[in-house]
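Novice: In our numbering, the protein residues as written are -18 to 469.
Got a structure for you, questions after.
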């Protein structure tokens, strides 16, 4: 199977003109272009205030974005002996192991380069990334996150290199679809996302869907092919629960997986364009509406009915992945970044499908591009850092490495890459259907610098019954409205 150019994938721009896209998430090519990212922990903004104020001890933080480099090259040769520090924080063992192999290959091709690879789980990285990058010796290359919470804050503080000259030197504009780069751009004044200067490059595509265990469903007498709509899926959850099987595994101790689940419920009732308008700070947009209230209410109801494991709020994402891989639930709702680990654990018993369609009959899902790589403004080896990013995101080996890890490359060439893995084929086929239904929308924790942390904590309060769905929606909208006041 090849990632064919999905000619039926059409998104409407504000002017009403249709734009064609391929498997790669060709989102609206103005302010509506968006990213993914991999699992993100809600501790991600814990250090945001520190960056805005003074950074970490012994460091200096600029009050404006760094200037673009002028005399740029595309190799590491001119530096002599190089020790390049790289921070990596993708979720999943399969992705991390694949990245290690890419690092080895890069070093083999560049004998003067030694890479100090620092891999952290996303929760740990996200809680310290701003302080790490503001230090005197930050990683040369760092995997951050698109949106205001991390890369937006780092860019405004002058901690990320302007990658526009390297985009030209390496031909990233030709290698990547426009959407992959646009979602990683900020204006020079740091006030707008989706335009201006390129600050990061993503390696892959990912979105949130439903993994299922074929063996568990077979014992329950459930055919996954019949679960395409909400009513049928809920019946399957009831059947699993009645048989003593956990219907859906969830691990939200890091306070981000629940948000991905909740976004899919919102997709049942709120149009993707309306969600995107809110994420991209369009005046008049709201989270406190009837559609989002229905989504929050359904989400809370699933917890009350026991569709999620009872210890969901105390279990980590890794715990949930491992438990699902051991056959302890029928379904696992999460991002396609878990595909490699799920496939390894379940083998032929692993399956993947879109979250069932709502009353409209169309599917919706949150998604975009994976965690992107940026270059520290303090690096001594900018050309080498850029060459490394190009190697791990845009080359032929990068495409193969992403597929081996269970996800497609973000590049245009990745669209035509051959796929043999049955589970990845399912994910690609499902994505093509999602695209044809214009059902993809972007991450709902993007619109403010603090939304990621705030919304994650509030979602736990919602699931625990501490606040009502209405109170949850009102608080999320207040966070959005308060930030909008600072932009005016």
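Each residue gets a CB set at the ideal place from its N, CA and C atoms; glycine is no exception.
This structure is a prediction, so every number in the text was calculated from the model and none was measured.
If you drop the 5 nearest sequence neighbours on each side, which residues of the same chain put their C-beta closer than 6 angstroms to that of residue 382?
Specialist: Here residue 382 refers to the residue found at position 401 of the chain shown. Excluding positions up to five away in sequence, the list reads 79, 83.
Novice: Apply the 10 Å Cβ neighbour rule to residue 108 and answer buried if 16 or more other Cβ atoms are within range, or exposed otherwise.
Specialist: Numbered from its first residue, the chain shown carries residue 108 at position 127. Classification of residue 108: buried, given that the 10 Å Cβ count is 16 or more.
Novice: Using beta carbons (cut-off 8 angstroms, strictly below), is residue 404 in contact with chain B?
Specialist: Chain labels in this structure do not include chain B; a single protein chain is all it has.
Novice: To the nearest angstrom, how far is the alpha carbon of residue 66 from that of residue 275?
Specialist: Against the chain shown, residue 66 aligns to sequence position 85. Against the chain shown, residue 275 aligns to sequence position 294. Rounded to whole angstroms, residue 66 to residue 275 spans 46 angstroms at the Cα level.
Novice: Since residue 390 contacts residue 158 with CB under 8 angstroms, what's their CB separation in whole angstroms?
Specialist: Position 409 of the chain shown holds residue 390. Position 177 of the chain shown holds residue 158. The pair is not a contact, with the Cβ atoms about 11 angstroms apart (cut-off 8 angstroms).
Novice: Taking DSSP as the reference, what is the three-state secondary structure of residue 228?
Specialist: Numbered from its first residue, the chain shown carries residue 228 at position 247. Three-state DSSP puts residue 228 in a strand.
Novice: Taking the Cβ atom as the reference point for each residue, do residue 471 and residue 182 lie within a distance shorter than 8 angstroms?
Specialist: The structure shown does not extend to residue 471, since the chain is modelled only from -18 through 469, so no value can be given for it.
Novice: Have a look at 304, 374, 427 and flag the residue whose alpha-carbon is nearest the alpha-carbon of residue 175.
Specialist: Taking the first residue of the chain shown as 1, we reach residue 175 at position 194. Nearest option by C-alpha distance: 427.
Novice: Suppose the cutoff is 6 angstroms on Cβ atoms and the five residues either side in sequence are ignored; what does the same chain contact list for residue 470 look like?
Specialist: Beyond the ends of the chain as shown, which are -18 and 469, falls residue 470; an answer cannot be given.
Novice: I need the DSSP call for residue 280, collapsed to helix, strand or coil.
Specialist: Against the chain shown, residue 280 aligns to sequence position 299. Of the three classes helix, strand and coil, the one that applies to residue 280 here is helix, per DSSP.
Novice: By how many angstroms is the C-alpha of residue 75 removed from the C-alpha of residue 386?
Specialist: Walking along the chain shown from the start, residue 386 turns up at place 405. Walking along the chain shown from the start, residue 75 turns up at place 94. Their backbone Cα atoms lie some 5 angstroms apart in a straight line.
Novice: Output the boundary residues of the beta strand (DSSP E) element that contains residue 99.
Specialist: Within the chain shown, numbered from 1, the residue matching residue 99 stands at position 118. Residue 99 -> beta strand (DSSP E) spans 94 to 100.
Novice: Here's a check: name, in chain order, each residue in its chain whose Cβ is nearer than 6 angstroms to the Cβ of residue 407, leaving out the five neighbours to either side.
Specialist: Within the chain shown, residue 407 is the residue found at index 426, counting from 1. Counting only Cβ-Cβ distances below 6 angstroms, and skipping sequence neighbours, we find 333.
Novice: If you measure between the beta carbons of residue 68 and residue 115, is that distance less than 8 angstroms?
Specialist: As a working note, residue 68 is residue 87 in the chain shown. As a working note, residue 115 is residue 134 in the chain shown. Not a contact, by the Cβ cut-off of 8 angstroms.
Novice: So, for residue 477: in the same chain, excluding its five sequence neighbours on each side, which residues have a beta-carbon less than 6 angstroms away from its beta-carbon?
Specialist: Because the chain spans -18 through 469 in this model, residue 477 falls outside it and cannot be assessed.
Novice: Using a Cβ-Cβ cut-off of 6 angstroms (strictly less than) and excluding sequence neighbours within five positions of residue 211, which residues of its own chain qualify?
Specialist: In the chain shown, counting from the first residue as 1, residue 211 sits at position 230. Here the set comprises 337, 339.
Novice: Can you round the beta-carbon distance between residue 187 and residue 316 to whole angstroms, since I take them to be within the 8 angstroms contact cut?
Specialist: Against the chain shown, residue 187 aligns to sequence position 206. Against the chain shown, residue 316 aligns to sequence position 335. About 5 angstroms separates the two Cβ atoms, so the contact holds.
Novice: Between 110, 103, 58, which lies nearest to residue 90 when the distance is taken from Cα to Cα?
Specialist: Counted from its first residue, the chain shown places residue 90 at position 109. That would be 58, whose Cα lies nearest to the Cα of residue 90.
Novice: Counting only the same chain and skipping the five closest in sequence on each side, list residues whose C-beta sits under 6 angstroms from that of residue 304.
Specialist: Here residue 304 refers to the residue found at position 323 of the chain shown. Counting only Cβ-Cβ distances below 6 angstroms, and skipping sequence neighbours, we find 230.
Novice: Run through DSSP, which three-state label would residue 455 get?
Specialist: Locating residue 455 in the chain shown gives position 474, where the first residue counts as 1. The answer is helix: DSSP assigns residue 455 an H, G or I state.
Novice: In the segment 278 to 364, which residue ranges form an unbroken alpha helix (DSSP H) of at least 4 residues, counting only runs that do not cross its ends?
Specialist: 298 to 306, 320 to 327
Novice: Alpha carbon to alpha carbon, how far is residue 397 from residue 238? Give it in angstroms, no decimals.
Specialist: As a position in the chain shown, residue 238 is number 257, starting the count at 1. As a position in the chain shown, residue 397 is number 416, starting the count at 1. Each residue's Cα considered, the two are about 31 angstroms apart.
Novice: Would you decide whether residue 73 is buried or exposed? Buried here means 16 or more other CB atoms lie within 10 Å of its CB.
Specialist: By one-based count along the chain shown, residue 73 stands at place 92. Answer is buried; the Cβ neighbour count reaches 16.
Novice: Does DSSP put residue 247 in a helix, in a strand, or in coil?
Specialist: Translated into the one-based positions of the chain shown, residue 247 becomes position 266. Residue 247 falls in the helix class under three-state DSSP.
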